[in-house]
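Data block below; observations after.
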Amino acid sequence: MKNKILYTILLVGSLVCARSSNAQSYFNNPISQYFQNRFLWNAAYAGANNYAHLYQLMNKSWIGFDGAPSLFMMTGDMRFGANSGAGLQVISDKSGLLRRTTGRLAYSYVVKMDEQQRLRLGIAASMYRERLDESAYINNQGQVDPNVKTFNDKGWTADGDFGAVYEYEQFSIGASATNLRKIFSKDENRLSDIQLFQFNAAYNFILEGDMSIQPLASFKRFSNNDNIFTGGAQFNYEKVFHASLLYQTTGSVQAGIGVPVKEMGEVNFFYGGNNRRGYGKQYEVALSIHIK
């Protein structure tokens, strides 16, 4: 009981800090990462389920703006051996004239400390390519812009990330360092703002009748813009539905609902409101397939 009280205090404290932030920026990150597919934010979750997991999502944000960001992602992960897991992600992300394509391969390992405690470790290698739309080649004088052509001719670039998650009974706290190339080198040629670090903490309270509620707190650090704190919770009624509500210090409120599709998986729907500046509205649709 004391442990549960301690974990609850930790989560509430994180949420209070989140409300005090002045972060205003909005970033196109999938809402699914918080509850439905944690492998999206941390390589340590590759193979965390007892089944092979396929997940596809489409995210549209800044609805109503020309060149608004769009994200399409396909992922798959599975456990193999007693303590290992592997995962694959293919991502296409477009914002205005800039398109980013990414492939990511992850490996995870679980260190079992005892019956109640375990440490998940994960590492991922990725390749990405960023290109500007062909219309950006032509400047106002009708000439080919050499800077744009040079940028598009760069080809594929290697990157990577590392993650760790500590789990004790129903409590989990984890961290991931993403886009390691940016952290360890001064690569000024990448046009897009990127995420550098993320920390998540959650506790799953088991209720009666196959129900549970899981509060969560999250912090994200970006390369150029303000940090983002996220706090919220998900209510889960096993094999019936789950519903989530999140608040971000951008001022956006995000809500989601998911329903199972027999024993095959589930369909998830998410909606995010505008931030304090009056833009950033988004929606997300995802399909989860469980292969047992």
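Counting with mature numbering (1 follows the signal peptide of the UniProt record, and there is no 0), you get residues -23 to -1, 1 to 269 for the letters of the sequence shown. Positions of the beta carbon are idealized from the N, C-alpha and C atoms, including for glycine. The structure displayed is predicted, hence computed values, not measured ones.
Bridge partner(s) assigned by DSSP for residue i
| i | result |
| --- | --- |
| Gln108 | With the sequence shown as reference, residue 108 is identified as Arg, and Gln is not the correct amino acid for it. Bridge partners of Arg108: Arg76. |
| Glu261 | Asn36 and Phe247 |
| Leu96 | Val88 and Tyr143 |
| Val67 | Met51 and Gly80 |
| Leu31 | Gly53 and Ile266 |
| Leu193 | Ala179 and Gly209 |
| Met188 | Tyr214 |
| Gly233 | Ser221 and Phe247 |
| Gln120 | Answer by DSSP bridge pairing: none, since Gln120 is not bridged. |
| Ala135 | Met104 |
| Ile171 | None; Ile171 has no bridge partner. |
Residue i to residue j span [Cα, whole Å]
| i | j | result |
| --- | --- | --- |
| Ala(-1) | Phe161 | Bear in mind that the predicted position of Ala(-1) carries a pLDDT of just 30, short of 50, making it unreliable; the figure below should be weighed with that in mind. Distance between the alpha carbons of Ala(-1) and Phe161 is about 25 Å. |
| Gly73 | Gly186 | 47 Å |
| Ala220 | Asn177 | 19 Å |
| Gly65 | Gly255 | The question names Gly, yet the displayed sequence has Leu at residue 65. The alpha-carbon atoms of Leu65 and Gly255 are separated by roughly 35 Å. |
| Val238 | Tyr32 | 14 Å |
| Pro46 | Lys159 | 22 Å |
| Gly(-11) | Arg15 | Legend: pLDDT at Gly(-11) = 38, less than 50; position of this residue unreliable, no value from coordinates given. |
| Asp43 | Asn202 | 22 Å |
| Leu82 | Gln118 | 43 Å |
| Gln231 | Lys216 | 23 Å |
Contacting residues, own chain, Cβ-Cβ under 7 Å from residue i (five flanking each side not counted)
| i | result |
| --- | --- |
| Ser(-3) | A caution first: Ser(-3) carries a pLDDT of 33, below 50, which makes its placement in the model too unreliable to give a value. |
| Tyr86 | Asn60, Ser61 and Leu98 |
| Val236 | Phe218, Glu243 and Val244 |
| Gln13 | Gly235, Asn245, Ala263 and Ser265 |
| His267 | Tyr28, His30, Met241 and Gly242 |
| Asn129 | Arg108 and Leu109 |
Residue i and residue j closer than 8 Å at C-beta
| i | j | result |
| --- | --- | --- |
| Asn124 | Asp138 | no |
| Ser149 | Gln175 | no |
| Asp54 | Ser103 | no |
| residue 299 | Lys258 | This structure gives no information on residue 299, because the portion of the chain shown stretches from -23 to 269. |
| Ala263 | Leu48 | no |
| Met250 | Ser229 | Residue identity differs from the one stated: residue 250 is Gly in this sequence, not Met. Yes, they are a contact pair. |
| Thr134 | Tyr105 | yes |
| residue 284 | Leu223 | The shown model of the chain, from -23 to 269, leaves out residue 284, and the question about it has no answer. |
| Ile8 | Phe247 | yes |
| Tyr145 | Gln191 | no |
| Leu193 | Tyr143 | no |
| Arg108 | Arg56 | no |
| Tyr84 | Ala23 | yes |
| Gln260 | Lys71 | Reading the sequence as shown, one finds Tyr at residue 260 and not Gln. Not closer than 8 Å, so no. |
Contacts around residue i, its chain only, beta-carbon distance under 8 Å, and the 5 residues preceding and following it disregarded
| i | result |
| --- | --- |
| Ile183 | Gln147 and Ser189 |
| Ser112 | Leu74 |
| Ile171 | Thr155, Asn156, Lys159, Phe199 and Ser200 |
DSSP-derived helix/strand/coil call for residue i
| i | result |
| --- | --- |
| Lys127 | A quick correction: the sequence has Thr, not Lys, at residue 127. Looking at Thr127 - three-state DSSP - the assignment turns out to be helix. |
| Tyr11 | coil |
| Phe4 | Its pLDDT being 43, under 50, Phe4 is placed unreliably by the model, and the measurement read from it follows with that caveat. In this structure, Phe4 counts as coil in the three-state DSSP scheme. |
| Phe42 | coil |
| Ala21 | helix |
| Lys269 | coil |
| Arg253 | coil |
| Leu157 | helix |
Residues of its chain near residue i, where Cβ-Cβ distance is below 6 Å and the 5 sequence neighbours each way are ignored
| i | result |
| --- | --- |
| Tyr3 | In this prediction, Tyr3 scores a pLDDT of 36, lower than 50, which makes its location untrustworthy; the coordinate-derived value is nonetheless stated afterwards. Here the set comprises Thr227, Asn252 and Gly257. |
| Gly140 | Asn19, Ala20, Ala21, Gly99 and Ser153 |
| Asp110 | Leu74 |
| Ser69 | Phe49 and Thr78 |
| Gly80 | Val67 and Met104 |
| Asn213 | Ser189 and His219 |
Proximity test, residue i beta-carbon vs the ligand ZN heavy atom, cut-off 7 Å
| i | result |
| --- | --- |
| Arg106 | With respect to small molecules bound, the structure shown includes none, and the ligand ZN cannot be examined in it. |
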